[in-house]
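Peer 1: Convert by adding 31 to the 1-based position in the sequence shown; the result is the number in the numbering used here.
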Amino acid sequence: MRLTEQLARAATDEEQYRQIAARGRRAELAGLLDRLRQSVGSLPGPAERQAAERDMRAAALWEEDDLAAVERLAATMQPDRAVETAGLIGDLRWLAARAREVQTTDRRQGVDWNRFPWAEWTRRLANARVRP
32 MRLTEQLARA ATDEEQYRQI AARGRRAELA GLLDRLRQSV GSLPGPAERQ
82 AAERDMRAAA LWEEDDLAAV ERLAATMQPD RAVETAGLIG DLRWLAARAR
132 EVQTTDRRQG VDWNRFPWAE WTRRLANARV RP
């Protein structure tokens, strides 16, 4: 009997640990998605083209580590959404790369907005704003 009680207690403890760990992962994922949502929201859409350079230069962009964490957490918590998550991450990487190009362009030189890929930017920005 004693062994059965110990095994039952160990199983209960393990289940509680799993639940606590899952809550922690959910909270971490929710926090990351909230920060990404805020950052994406600060990027200029098609209606804000006049202020695009100012807004992109001021945007606090996400880091690659944030995207890797979203991929890792989503894979364990929502494996059925792997394709959707990969699409979101791809859009976020593309948007960040374009915004960083603007941020690193010398202000005196300015950005050549006639060469900026506005159609692709608008599509990917819309995708990123809907998904998180």
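Beta carbons: idealized from backbone N, C-alpha and C, even for Gly.
Values in this document were obtained by computation on a predicted structure and should not be read as measured data.
Whose CA, out of A113, A61, E84, lies closest to the CA of R138?
Peer 2: Translated into the one-based positions of the sequence shown, residue 138 becomes position 107. Checked all of A113, A61, E84; the closest Cα to R138 is E84.
Peer 1: Using C-beta distances below 8 Å, list every residue in its chain close to A59, excluding the 5 sequence neighbours before and after it, in chain order.
Peer 2: Here residue 59 is taken as the residue at index 28 of the sequence shown, counted from 1. Before going further, note that residue 59 is Glu rather than Ala in the sequence given. Same-chain partners within the cutoff: A100, L104.
Peer 1: Determine, using beta carbons only, whether L119 and A82 come nearer to each other than 8 Å.
Peer 2: Mapped onto the sequence shown, residue 119 falls at position 88. Mapped onto the sequence shown, residue 82 falls at position 51. No, Cβ-Cβ distance for L119 and A82 is not below 8 Å.
Peer 1: Taking its Cβ as the centre, do 16 or more other Cβ atoms sit within 10 Å of S73, making it buried, or is it exposed?
Peer 2: For the purposes of this step, residue 73 is identified with residue 42 of the sequence shown, where counting begins at 1. Exposed is the call here.
Peer 1: Are the Cβ atoms of W93 and A127 separated by less than 8 Å?
Peer 2: Residue mapping note: residue 93 aligns to position 62 of the sequence shown, counting from 1. Residue mapping note: residue 127 aligns to position 96 of the sequence shown, counting from 1. It is a contact, given that the beta carbons lie within the stated cut-off.
Peer 1: Check P65 in the structure and name its three-state DSSP category.
Peer 2: Numbered from its first residue, the sequence shown carries residue 65 at position 34. The amino acid occupying residue 65 in the given sequence is Asp; Pro does not appear at that position. Of the three classes helix, strand and coil, the one that applies to D65 here is helix, per DSSP.
Peer 1: Is the CB-CB distance between R68 and Q134 below 8 Å?
Peer 2: Numbered from 1 along the sequence shown, position 37 holds the residue referred to as residue 68. Numbered from 1 along the sequence shown, position 103 holds the residue referred to as residue 134. No, Cβ-Cβ distance for R68 and Q134 is not below 8 Å.
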